[in-house]
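Each remark here refers to the structure printed beneath this line.
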Amino acid sequence: MHSTLSDVFISHPIHIPLSNLPDFTSLRHLPDSYTWTPKDDLLFSASSSDESLPFIDLSDPHVATRVGHACTTWGAFQITNHGVPSRLLDDIEFLTGSLFQLPVNRKLKAARREDGISGYGVARIASFFNKQMWSEGFTVIGSPLDDFHKLWPRQHLKYCKIIQEYEEHMQKLAAKLMWLALGALGVEEKDIEWAGPISDFQGAQAAIQLNHYPICPEPDRAMGLAAHTDSTLLTILYQNNTAGLQVFRDDVGWITVPPVPGSLVVNVGDLLHILTNGIFPSVLHRARVNHLRSRFSMAYLWGPPSDLMISPLPKLVDPLHSPLYPSLTWKQYLATKATHFNQSLSFIRNYLSSDQIS
Ligand SMILES: C=C1C[C@]23C[C@@]1(O)CC[C@H]2[C@@]12CCC[C@@](C)(C(=O)O1)[C@H]2[C@@H]3C(=O)O
Ligand SMILES: O=C(O)CCC(=O)C(=O)O
Ligand SMILES: [Fe+2]
Numbered sequence: 059m060h061s062t063l064s065d066v067f068i069s070h071p072i073h074i075p076l077s078n079l080p081d082f083t084s085l086r087h088l089p090d091s092y093t094w095t096p097k098d099d100l101l102f103s104a105s106s107s108d109e110s111l112p113f114i115d116l117s118d119p120h121v122a123t124r125v126g127h128a129c130t131t132w133g134a135f136q137i138t139n140h141g142v143p144s145r146l147l148d149d150i151e152f153l154t155g156s157l158f159q160l161p162v163n164r165k166l167k168a169a170r171r172e173d174g175i176s177g178y179g180v181a182r183i184a185s186f187f188n189k190q191m192w193s194e195g196f197t198v199i200g201s202p203l204d205d206f207h208k209l210w211p212r213q214h215l216k217y218c219k220i221i222q223e224y225e226e227h228m229q230k231l232a233a234k235l236m237w238l239a240l241g242a243l244g245v246e247e248k249d250i251e252w253a254g255p256i257s258d259f260q261g262a263q264a265a266i267q268l269n270h271y272p273i274c275p276e277p278d279r280a281m282g283l284a285a286h287t288d289s290t291l292l293t294i295l296y297q298n299n300t301a302g303l304q305v306f307r308d309d310v311g312w313i314t315v316p317p318v319p320g321s322l323v324v325n326v327g328d329l330l331h332i333l334t335n336g337i338f339p340s341v342l343h344r345a346r347v348n349h350l351r352s353r354f355s356m357a358y359l360w361g362p363p364s365d366l367m368i369s370p371l372p373k374l375v376d377p378l379h380s381p382l383y384p385s386l387t388w389k390q391y392l393a394t395k396a397t398h399f400n401q402s403l404s405f406i407r408n409y410l411s412s413d414q415i416s
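Counting in this note's numbering, the sequence shown runs from 59 upward without gaps.
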């Protein structure tokens, strides 16, 4: 049977109780369980800088060089002139706002199961931390029809249509960005067979993650979404007009990625880091919260077919650059991530074959 990403968490259920979701709106002080210190996350108070992320106009004649440079130096960049209609960005933001403003008991009707992948809940990475994150999320993989019907019994089709249109645009954009980034390293369409006969990565798989960071009474002591890298090839993120996304570089510290109306943020994920044999770093990022305005973000997490073997591209391997990672599938990598979280890349680096990875 053709398997999907959903199978991963059947064997790696994550136990995160939904029963103690706070009523974010009525809290005047941060409960202890939401108060973060460097003990809870080593990078919590790491230094910050006012450097900025590369901002790239996709209609620039030197776009491939700029994308390649941003991927090599930061593993992230912001884009404009990306071709996604601003009306569609408004629609997905409207959908996200409508979803999270539903009463908790309605949202819980579409709660993600412990061994499931889609639905409402706290971020999966919550299980790696002692403190709770000031956010709620909703993951869409495959058709959202059943879940949306539970959320909006009368209006679900309208919202399903928005998701479908968003996926179509994001899939095209992800393929375009992938070729720009790899093209900068001299990788050509013939080097990636699974991109398909017209090089459009039709078999790629994706998830949409909708995030809500409510207004927080003590934002400096809270964490919206803790530091992590995405397990994807690429992630394309749209944020509403409230700042919160930060990216980290060892030699720079944390920088804030300001929301620029109509622009999108692109992150290199762990699988693209593996595919490029470490040339592109997967970017460590997190979301901080705000005491005046709530924040929404909508991430399109894009990866290969879930059972396809991914390994450093032969073109990027030679006697001076031996392969740093074994071949493994996205499913195997997600399973590794479910156990080893931010240590996953260094964990698999120590294995020559994915058979040794469980
Ligand atoms: C395909 C996926 C990537 C993701 C785990 C998931 O199965 C679906 C949700 C994704 C997400 C979004 C928020 C941050 C993140 C680390 C998480 O906890 O869930 C990512 C996961 C990932 O990239 O590993
Ligand atoms: O909210 C953000 O800006 C970050 C979201 C994110 O990192 C994710 O969904 O993977
Ligand atoms: Fe992320």
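No residue lacks a Cβ here, since even glycine has one placed at the ideal position from N, Cα and C.
Integer Cβ distance of residue i from residue j, believed to fall under 8 Å
| i | j | result |
| --- | --- | --- |
| residue 243 | residue 334 | 6 Å |
| residue 296 | residue 355 | 7 Å |
| residue 305 | residue 318 | 15 Å between Cβ atoms; not a contact. |
| residue 259 | residue 253 | 5 Å |
| residue 363 | residue 382 | Residue 363 to residue 382, Cβ: 23 Å. No contact. |
Reference residue i, options the options, closest by Cα
| i | options | result |
| --- | --- | --- |
| residue 197 | 358, 282, 395 | 358 |
| residue 321 | 339, 144, 346 | 144 |
| residue 100 | 323, 286, 406, 384 | 286 |
| residue 268 | 82, 385, 366, 193 | 193 |
| residue 91 | 246, 142, 279 | 279 |
| residue 158 | 178, 147, 371 | 178 |
| residue 147 | 326, 166, 225, 327 | 225 |
| residue 185 | 214, 407, 282, 399 | 399 |
| residue 368 | 344, 308, 262, 270 | 262 |
| residue 183 | 364, 345, 160, 206 | 345 |
| residue 162 | 82, 66, 172, 250 | 82 |
| residue 409 | 385, 392, 397 | 385 |
| residue 89 | 66, 271, 309, 276 | 276 |
| residue 4 | 378, 206, 328 | Residue 4 is absent from the structure shown; the chain starts at 59 and stops at 416. |
| residue 142 | 270, 336, 230, 271 | 230 |
Same chain, Cβ closer than 7 Å to residue i, neighbours up to 5 away in sequence not counted
| i | result |
| --- | --- |
| residue 155 | 354 |
| residue 98 | 187, 188, 189 |
| residue 118 | 124 |
| residue 326 | 129, 133, 134, 292, 338, 339, 340, 341 |
| residue 164 | 209 |
| residue 336 | 382 |
C-beta contact flag for residue i and residue j at 9 Å
| i | j | result |
| --- | --- | --- |
| residue 232 | residue 294 | yes |
| residue 348 | residue 284 | no |
| residue 138 | residue 113 | yes |
| residue 168 | residue 216 | no |
| residue 361 | residue 290 | yes |
| residue 245 | residue 373 | yes |
| residue 219 | residue 116 | no |
| residue 72 | residue 150 | no |
| residue 330 | residue 236 | yes |
| residue 67 | residue 392 | yes |
Contacting residues, own chain, Cβ-Cβ under 6 Å from residue i (five flanking each side not counted)
| i | result |
| --- | --- |
| residue 402 | 394, 395 |
| residue 102 | 94, 96 |
| residue 247 | 257 |
| residue 69 | none |
| residue 405 | 398 |
Cutoff 8 Å; reference residue i; Cβ partners in own chain excluding five residues on either side
| i | result |
| --- | --- |
| residue 311 | 104, 105, 106, 107 |
| residue 111 | 128, 132, 134, 135, 136, 305, 313, 315, 323 |
| residue 350 | 273 |
| residue 200 | 62, 64, 176 |
| residue 59 | Because the pLDDT of residue 59 is 44, which lies under 50, any placement of that residue in the model is unreliable, and the number read from its coordinates should be weighed accordingly. Same-chain partners within the cutoff: there are none. |
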